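> Structure in structure tokens, see below.
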Amino acid sequence: MSQDPVIAASISTIAGLVIGFSASNIISNVIAGMYLAIARPFSIDDRIKVFGEVGVVHDIGMLYTRLGLENGDEMLASNSSMVTSTVILKKEVEYDGTAQRDAATA
Numbered sequence: 001m002s003q004d005p006v007i008a009a010s011i012s013t014i015a016g017l018v019i020g021f022s023a024s025n026i027i028s029n030v031i032a033g034m035y036l037a038i039a040r041p042f043s044i045d046d047r048i049k050v051f052g053e054v055g056v057v058h059d060i061g062m063l064y065t066r067l068g069l070e071n072g073d074e075m076l077a078s079n080s081s082m083v084t085s086t087v088i089l090k091k092e093v094e095y096d097g098t099a100q101r102d103a104a105t106a
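The sequence shown begins at 1 in my numbering and counts up by one.
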């Protein structure tokens with residue numbers, strides 16, 4: 001009977017550590033999501049290249065950014081990884097005629 005408080009304290013400590021480690025990942029994603037909302041390095045419907053993939057930003061949530069890839073797949077990337085990775089904003093080139101397009105692609 002004298003070990004019951006020790007066992008309870010041990011279980012509480014282990015549970016606290018598990019919750020603390022898992023919450024740190026969630027908290028970092030939420031903070032990164034707030035950063036993306038404020039800094040706006042890219043917006044919804046922008047074409048970006050990240051993690052070697054090119055896609056269109058469909059949603060920027062609190063935890064994840066959702067991209068529609070060129071091959072039709074959908075990618076969910078954690079916001080903390082989006083903040084710490086190199087993101088290339090792909091610009092669409094607009095042409096006012098076929099002569100300019102032909103010269104640019106030649």
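Note that CB positions come from ideal geometry on N, CA and C, so glycine has one too. Note that this is a predicted model, so its numbers are computed, not measured.
Just confirm the distance between the C-beta atoms of residue 90 and residue 54, as a whole number of angstroms; I'd bet it's less than 8 Å.
Confirmed, about 6 Å.
> When the Cα atoms are used, what is the spatial distance from residue 38 to residue 5?
The alpha-carbon atoms of residue 38 and residue 5 are separated by roughly 47 Å.
> The beta strand (DSSP E) that contains residue 55, what's its start and end?
First-last of the beta strand (DSSP E) with residue 55: 53-60.
> What residue range is occupied by the uninterrupted beta strand (DSSP E) comprising residue 65?
Here the beta strand (DSSP E) through residue 65 covers 64-69.
> Flag this pair as yes or no: are the beta carbons of residue 57 and residue 73 separated by less than 8 Å?
No. Outside cutoff.
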